[in-house]
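Number 459 in our numbering belongs to position 10 of the sequence shown; there are no gaps in the numbering. From the three backbone atoms N, C-alpha and C, an ideal C-beta is built for every residue, glycine too.
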Amino acid sequence: MQEFSIPGPVQPFAGGQAGIVIFDPQNPRFRDETKFAVSLTGGVRGAIAGPIGWKAQATLLMPILWVGGGLFCSTGGCNIGITSRTVIPQLNANAGLTVSF
């Protein structure tokens with residue numbers, strides 16, 4: 450997570466995460482799967498009085514379902530390409546009061 454120091458009462462922040470997600474459906478027609486996942490977060494925070502403040506943020510959660518790559522060579526040299534795909538992005542938005550101590 451990275452906070453950006455700018456003049457004023459509102460401070461923006463941004464960040465990212467990487468990890469795994471486990472899909473465990475209750476319906477027996479579907480199978481369990483474990484996938485690599487990434488998320489991007491951004492938001493703002495501010496102070497109200499003393500240790501009391503507020504914060505609003507949004508997080509985009511993206512499990513990576515497919516990854517591919519290749520090496521392409523020709524007379525002009527070689528090139529490496531990597532692609533990925535997600536079909537189940539989720540957006541999580543939060544807002545609330547904060548207490549710092």
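Check: Using DSSP bridges, identify the partner residues of Gly491.; Outcome: Ala463 and Ala507
Check: From Met450, Ile469, Ile537 and Arg494, pick the residue whose C-alpha is nearest to that of Pro458; which is it?; Outcome: Arg494
Check: Let's test the definition: count the other Cβ atoms within 10 Å of the Cβ of Pro477 and tell me whether it reaches 16, buried, or not, exposed.; Outcome: exposed
Check: Taking Arg534 as the reference, which of Leu510, Ile455 and Ser523 has the closest Cα?; Outcome: Leu510
Check: Tell me whether Pro500 is buried or exposed, calling it buried when 16 or more other Cβ atoms sit within 10 Å of its Cβ.; Outcome: exposed
Check: Tell me the rounded alpha-carbon separation between Gly545 and Arg480.; Outcome: 37 Å
Check: Using a 10 Å radius around the Cβ and a threshold of 16 neighbouring Cβ atoms, would you call Pro474 buried or exposed?; Outcome: exposed
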